[in-house]
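J.: If you read the sequences in order, they're chains B and X. Residue numbers 3 to 423, in this note's numbering, belong to the letters of the first sequence in order. Residue numbers 57 to 216, in this note's numbering, belong to the letters of the second sequence in order.
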Amino acid sequence: MNAPIPLAELTASTMNWERGTSRIPFAVYNDPALHKLELQRFFYEKHWCYVGLEAEIPKPGDYKRSSIGERSVLLVRALDGIIHVVENACAHRGVAFCRERFGNREAFICPYHQWNYALDGRLRGVPMRHGVKRDGVVQGGMPADFNLADHGLTRLKVAVRGGVVFASFDHQVESFEDFVGPDVLRYFDRLFDGRQLTILGYNRQRIPGNWKLMQENIKDPYHPGLLHTWFVTFGLWRADNRAQMVMDAHHRHAAMISTRGNAGAVSEVSRVSSFKQTMNLHDPRFLDIVPEPWWNGPTAVMTTLFPSVILQQQVNSVSTRQIIPDGHGHFDFIWTHFGFEDDTAEMTQRRLRQANLFGPAGFVSADDGEVIEFSQESFEAKPAHRTLAELGGRDVENTEHMVTETLIRGMYRYWREVMAR
Amino acid sequence: MSAALRFEDWYALTQLYADYASVVDAGNWEQWPEFFTEDCVYRVQPRENHERGFPLATLSFESKGMLKDRAYGIRETLFHDPYYQRHVVGVPRLLRVADGCIEVEANYAVFRTKLSQLTTVYNVGRSLDVVVRTPAGLKFARREFIYDSEMIPNSMIYPL
Numbered sequence: 003m004n005a006p007i008p009l010a011e012l013t014a015s016t017m018n019w020e021r022g023t024s025r026i027p028f029a030v031y032n033d034p035a036l037h038k039l040e041l042q043r044f045f046y047e048k049h050w051c052y053v054g055l056e057a058e059i060p061k062p063g064d065y066k067r068s069s070i071g072e073r074s075v076l077l078v079r080a081l082d083g084i085i086h087v088v089e090n091a092c093a094h095r096g097v098a099f100c101r102e103r104f105g106n107r108e109a110f111i112c113p114y115h116q117w118n119y120a121l122d123g124r125l126r127g128v129p130m131r132h133g134v135k136r137d138g139v140v141q142g143g144m145p146a147d148f149n150l151a152d153h154g155l156t157r158l159k160v161a162v163r164g165g166v167v168f169a170s171f172d173h174q175v176e177s178f179e180d181f182v183g184p185d186v187l188r189y190f191d192r193l194f195d196g197r198q199l200t201i202l203g204y205n206r207q208r209i210p211g212n213w214k215l216m217q218e219n220i221k222d223p224y225h226p227g228l229l230h231t232w233f234v235t236f237g238l239w240r241a242d243n244r245a246q247m248v249m250d251a252h253h254r255h256a257a258m259i260s261t262r263g264n265a266g267a268v269s270e271v272s273r274v275s276s277f278k279q280t281m282n283l284h285d286p287r288f289l290d291i292v293p294e295p296w297w298n299g300p301t302a303v304m305t306t307l308f309p310s311v312i313l314q315q316q317v318n319s320v321s322t323r324q325i326i327p328d329g330h331g332h333f334d335f336i337w338t339h340f341g342f343e344d345d346t347a348e349m350t351q352r353r354l355r356q357a358n359l360f361g362p363a364g365f366v367s368a369d370d371g372e373v374i375e376f377s378q379e380s381f382e383a384k385p386a387h388r389t390l391a392e393l394g395g396r397d398v399e400n401t402e403h404m405v406t407e408t409l410i411r412g413m414y415r416y417w418r419e420v421m422a423r
Numbered sequence: 057m058s059a060a061l062r063f064e065d066w067y068a069l070t071q072l073y074a075d076y077a078s079v080v081d082a083g084n085w086e087q088w089p090e091f092f093t094e095d096c097v098y099r100v101q102p103r104e105n106h107e108r109g110f111p112l113a114t115l116s117f118e119s120k121g122m123l124k125d126r127a128y129g130i131r132e133t134l135f136h137d138p139y140y141q142r143h144v145v146g147v148p149r150l151l152r153v154a155d156g157c158i159e160v161e162a163n164y165a166v167f168r169t170k171l172s173q174l175t176t177v178y179n180v181g182r183s184l185d186v187v188v189r190t191p192a193g194l195k196f197a198r199r200e201f202i203y204d205s206e207m208i209p210n211s212m213i214y215p216l
């Protein structure tokens, strides 16, 4: 599993980085060999990846087909209630045997040769293991030293916190809590505070851009008040709001924390074409915002856990957004909207209404996918060039404002450390 | 089909479907809300959510006002690649005719064409609709597009 992958000629260390990580080579987004190395280093070793929510598999035997990087995995609740994550690849011929997205079973059976696995991935039996008797003579069968215990499904290490399930192919990985680090874990725990989650549903989009661009999009507090009219006009996210940018010690994860204010107000941040002072909604229920006790102040906290997931709180709308790469130039982006067990019917409806701002058709989020696609077009066309991320300087530091691209610089500092190893 | 429809009503119904497709394919967003009643429901929902009983929809509007807000958003607030869309809608299948209400199901396919690019199949599914008689003719009280398409190709800007 950990065999080194030969590096492409263009590697993280030979790439032309200027001024720390404030200028990011286009090549990091469009080199297939580099992409394979990223999968290994970020998705398959030393990292925890998001696979789903406990509430998606409430009953014993429930399973969900999920992904880590480009590998298919199954999130399963065994008959004793314990959650397991196993790779969806038969130990015999590699068949990704589970085809349904959700279901309930007592065992996994690969259809090809009916190898039979317990829900925790242990191999229970294989047909014709001891051969087949004909005319009193046993024909064939597995070798005498064939041991079921050696041929289970690949079992992943599992961490469950606040109802969210993470897994790692790397059993040496640090604890989930150490992986996230205390500064970002605070915001994880704020959202997932132990209340039972209720699933509201899914949105799935395929974005033609490199997967890291979505991490960068949610580490970029510069764009929301510019690209997104609704954010600046209704004060949901604008550069003169109170805000904090917080990273873990490795700068790989981050939380962007902001408190709503200045709706409709004119200031230097509203001197942009996206600000519409006279814009009024025909139906204001889209923004029927009711503060919740667990917010403890901030109206929006966007958390990026590198490499696999974004955790969204934007006023009353909460979701997880899973990043599943598919080659260097595409990724799938899976939104799981949820609520909490103590939500009233009105609150559920409010979360669903505000979901119109987010997702592949969202008043706010739809154009994030669009700009990612257009960035990728340029990267492919001009690999020797680089992007610029110098708002707020060239250093990597937490800030008490959002007029900065420090989180992107931080992410690439970490990326270089890991990729150049 | 649980009840017969007079020929005039059948004609008006098929005309409604044809006119609707024509307006959204022409990008005539100001005209689009006029196909609906004031307290209409308009939803575009993944088949997965529909069949599993999850309420989330990709677009979920509960009034003509919300449709007007979407029309404004397309024109003024959403940055996006321009594209054409083209609906091919099957013959409406009557599910129920009663109390001035016609419940209808119709298969649809929407093709997307971006500038300088090949045409692709964008979104495929069926609509579940409630059509009502009003003084201004037949209107949609409810339009739900339940789509089979597993992945939205990047984004959905225009209403189906």
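Note that CB positions come from ideal geometry on N, CA and C, so glycine has one too. Quantities reported herein were computed from a predicted structural model and do not represent experimental measurements.
Spatial neighbours of residue 423 of chain B within its chain, please: CB distance less than 8 Å, with the 5 preceding and 5 following residues excluded, ordered by chain position.
T.: Excluding residues within five positions, the ones whose Cβ falls inside 8 Å are 43.
J.: Within 8 Å, do at least three Cβ pairs link the region 88-97 of chain X to the region 185-203 of chain X?
T.: Touching, yes, given that three or more Cβ pairs across the two stretches are closer than 8 Å.
J.: How is residue 136 of chain B classed by DSSP in three states: helix, strand or coil?
T.: Reduced to three states, the DSSP call for residue 136 of chain B is strand.
J.: Do the region 268-277 of chain B and the region 214-234 of chain B make contact, defined as three or more Cβ pairs closer than 8 Å?
T.: Cβ pair count under 8 Å is three or more, so yes.
J.: One question on the structure: do residue 391 of chain B and residue 402 of chain B come within less than 8 Å of each other, judged by their Cβ atoms?
T.: Taking 8 Å as the Cβ cut-off, residue 391 of chain B and residue 402 of chain B do not qualify as a contacting pair.
J.: For residue 32 of chain B, which residues from the same chain have a beta carbon less than 8 Å from its beta carbon, with the 5 sequence-adjacent residues on both sides left out?
T.: Result list for residue 32 of chain B: 212, 330, 331, 378, 381, 382, 385, in chain order.
J.: Take the Cβ of residue 7 of chain B as the centre, count every other Cβ of all protein chains shown within 10 Å, and call the residue buried at 16 or more, exposed below.
T.: Per-residue confidence for residue 7 of chain B stands at a pLDDT of 42, beneath the threshold of 50, marking its modelled position as unreliable; the derived number appears in the next sentence. Per the 10 Å Cβ criterion, exposed.
J.: Under the rule that 16 or more other beta-carbon atoms within 10 Å means buried, what is residue 125 of chain X, buried or exposed?
T.: Per the 10 Å Cβ criterion, buried.
J.: Count Cβ pairs between the region 152-162 of chain X and the region 129-144 of chain X that sit closer than 8 Å; are there 3 or more?
T.: Cβ pair count under 8 Å is below three, so no.
J.: Which partner residues does residue 190 of chain X have in the DSSP bridge list?
T.: Its beta-bridge partners are X/193.
J.: In three-state DSSP terms, what is residue 19 of chain B?
T.: Coil.
J.: In the DSSP assignment, what are the bridge partners of residue 304 of chain B?
T.: Residue 304 of chain B pairs with B/258, B/314.
J.: Check whether the Cβ of residue 249 of chain X lies closer than 8 Å to any Cβ atom in chain B.
T.: Residue coverage of chain X in this structure runs from 57 to 216, which leaves residue 249 of chain X outside it and unanswerable.
J.: For residue 53 of chain B versus residue 74 of chain B, is the C-beta spacing smaller than 8 Å?
T.: Taking 8 Å as the Cβ cut-off, residue 53 of chain B and residue 74 of chain B do not qualify as a contacting pair.
J.: Nearest to residue 256 of chain B by CA position, among B/305, B/262, B/116, B/89, is which residue?
T.: When only C-alpha atoms are compared, the closest one is B/305.
J.: For the region 65-79 of chain B, which residues have a CB atom closer than 8 Å to at least one CB atom of chain X, in sequence order?
T.: Listed in sequence order: no entries.
J.: Give the secondary structure of residue 418 of chain B by DSSP, where H, G and I count as helix, E and B as strand, and everything else as coil.
T.: Helix.
J.: Find out if the Cβ-Cβ distance for the pair residue 340 of chain B, residue 199 of chain B is shorter than 8 Å.
T.: Against a cut-off of 8 Å, the Cβ pair of residue 199 of chain B and residue 340 of chain B comes out as a contact.
J.: Go through the region 98-181 of chain X residue by residue and report every complete run of the alpha helix (DSSP H) that reaches 4 residues or more, in order.
T.: As far as the region 98-181 of chain X is concerned, its whole alpha helix (DSSP H) runs of at least 4 residues are 103-108, 120-128.
J.: Specify the secondary structure class of residue 214 of chain X as computed by DSSP and reduced to three states.
T.: If DSSP states are grouped into helix, strand and coil, residue 214 of chain X belongs with coil.
J.: If you reduce the DSSP assignment to three classes, tell me which class residue 76 of chain B lands in.
T.: Three-state DSSP puts residue 76 of chain B in a strand.
J.: From this set, B/95, B/289, B/185, B/297, which residue's C-alpha is nearest residue 248 of chain B's C-alpha?
T.: Cα-wise, what sits closest to residue 248 of chain B is B/185.
J.: Does chain B have any CB closer than 8 Å to the CB of residue 58 of chain X?
T.: Annotation note: pLDDT 46 at residue 58 of chain X (below 50); position unreliable, no value reported.
J.: Which two residues bound the contiguous alpha helix (DSSP H) that contains residue 356 of chain B?
T.: Counting along the chain, the alpha helix (DSSP H) containing residue 356 of chain B begins and ends at 347-356.
J.: What is the rounded straight-line gap between the Cα of residue 121 of chain X and the Cα of residue 284 of chain B?
T.: Cα to Cα, residue 121 of chain X sits roughly 5 Å from residue 284 of chain B.
J.: Going along the chain, which residues of the region 267-285 of chain B sit with their C-beta nearer than 9 Å to a C-beta in chain X?
T.: Cβ contacts with chain X: 276, 278, 281, 283, 284, 285.
J.: What does the alpha-carbon distance come out to for the pair residue 108 of chain B and residue 192 of chain B?
T.: Whole-angstrom Cα-Cα distance: 35 Å.
J.: Put residue 192 of chain B into one of helix, strand or coil per three-state DSSP.
T.: Note: residue 192 of chain B maps to helix in three-state DSSP.
J.: Would you give the residue range spanned by the alpha helix (DSSP H) that residue 369 of chain B belongs to?
T.: From DSSP, the alpha helix (DSSP H) with residue 369 of chain B extends over 368-383.
J.: Can you say whether residue 178 of chain X is buried or exposed, counting buried as having 16 or more other CB atoms within 10 angstroms of its CB?
T.: Per the 10 Å Cβ criterion, buried.
J.: In the structure shown, what three-state DSSP assignment does residue 169 of chain B receive?
T.: Residue 169 of chain B falls in the strand class under three-state DSSP.
J.: Just the Cα atoms here: how many angstroms apart are residue 89 of chain B and residue 66 of chain B?
T.: Between residue 89 of chain B and residue 66 of chain B, the C-alpha separation is close to 12 Å.
J.: What is the DSSP secondary structure of residue 209 of chain X, counted as helix, strand or coil?
T.: In this structure, residue 209 of chain X counts as strand in the three-state DSSP scheme.
J.: With DSSP run on the structure shown, which of helix, strand or coil describes residue 78 of chain X?
T.: Three-state result, residue 78 of chain X: helix.
J.: Residue 220 of chain B and residue 371 of chain B - do their beta-carbons sit closer together than 8 Å?
T.: The answer is no: Cβ separation not under 8 Å.
J.: Pairing CB atoms from the region 88-105 of chain B with CB atoms from the region 132-139 of chain B, are three or more of them under 8 Å?
T.: No, they do not touch.
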